[in-house]
Every structure is written in C-alpha cells, then in structure tokens.
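Please read the structure below before turning to the comments.
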Amino acid sequence: MMRRQDREVSDLTAICRILDHCNVMRLAFSDPDPYIIPVNFGYSLVKNVLHLYFHSAGEGRKIDLLRKSGLVAFEMDHIVSIRSNPVPCRWSSLYESVCGLGTAAEMHGSTEKEFGLDCIMNRLGSIDGLSYGEALDKVLVWDIEVKEIVGKSNIPDKDRF
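Numbering-wise (the numbering used here), the sequence shown opens with residue -13 and increments by one.
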C-alpha cells in the first residue's frame, strides 16, 4: 500500500496517460544481485491487461536474465518541474511515475514483432506503415504482461495534462 494514498493512481486509463509522457522505462532484475537498465518502450491494452514492449539485441546480460525467468520490475517517470522553497528540505518535484511487476516473453514471427515495434515507434512519435526490412530478423522484441502496476502523481489536478 502506498504511504501517500492521495497521490496514488490506480485507474488503468490514467496510468496510460502517465505512460504517454514518460520517455524511458527502467527494467529491474534480480539474479541474485540487482540489475537495472533503461529501454525505450511502447504499450497496448489487450482485454484490459497492460502489455509493455521493448526491443533488444540478441545477446547480453539482459537477454540471459530474461530467458532465465522473464520476471521483471519496471519504473517510468516524468518530472514536470522542481518547486523550490526557502527551506531546503521542502523543495519538491512535480512528477508522475508508474511502477510495477510483470513477466517478459520474447515475441516470435514477423506479425507479432511488427506489432511490438509499431507500439514503440508510435509512442515515440512515428507514423504507421513502417517497414522494418531485414532488421526484423535480427532484433528481439519483448512483451511484458503486467501483473501489478500503480501510478503516483505529485501534480495538482489543475496542472495535469
């Protein structure tokens, strides 16, 4: 349970609005040491279940960890501004964030991979109808099925997007 329940965001539509303003997703793993990496991401809602997509090369520590269990934690945020105060410990960030847990699975086949890549590219501002060509055979595309998610907002209602 979140300590500041007045800042909690649990509505999936509101969480997706927060995701629309985040630039990077951070993926966290435990093996047994903590490991975290930033990735570009996209998302979709399938039957009211949030799916997060990211792409990667075909090898490396991240791939080893994903193939070992697929369990990930994730975090995204965006800071709107910093609010200063004459008292140093009363400074505050106006921000929104999302944290959660999920299971990542590698997407297979050109149709699945194109869908995941399109979600990433569209969220970053690209238009539909992209052609991935030979890159589609080399890139790995991952689908995180979100199991738990919660948002947090420290932006007054009047200033929200």
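Don't be surprised by glycine CBs; every beta carbon is placed ideally from N, CA and C.
Exercise. With 8 angstroms set as the bound, which would you pick, yes or no: does the beta-carbon of Val132 sit closer than that to a beta-carbon of chain B?
Worked result: Here chain B cannot be found, since the structure has a single protein chain.
Would you tell me roughly how many angstroms separate the C-alpha atoms of Thr(-1) and Gly28, rounded to the nearest one?
-> 15 angstroms
Best match in Asn9, Glu82 and Asp(-8) for proximity to Asn108 [C-alpha to C-alpha]: Asn9
Once you ignore the five residues that flank Gly137 on each side, which residues in its own chain have a CB closer than 6 angstroms to its CB? Val(-5), Ile1, Ile4 and Val84
Selection from Glu92, Arg(-7) and Val32 that minimises the alpha carbon distance to Glu45: Glu92
Notebook entry, point to check: Secondary structure at Lys33, three-state DSSP: helix, strand or coil?
Noted result: coil
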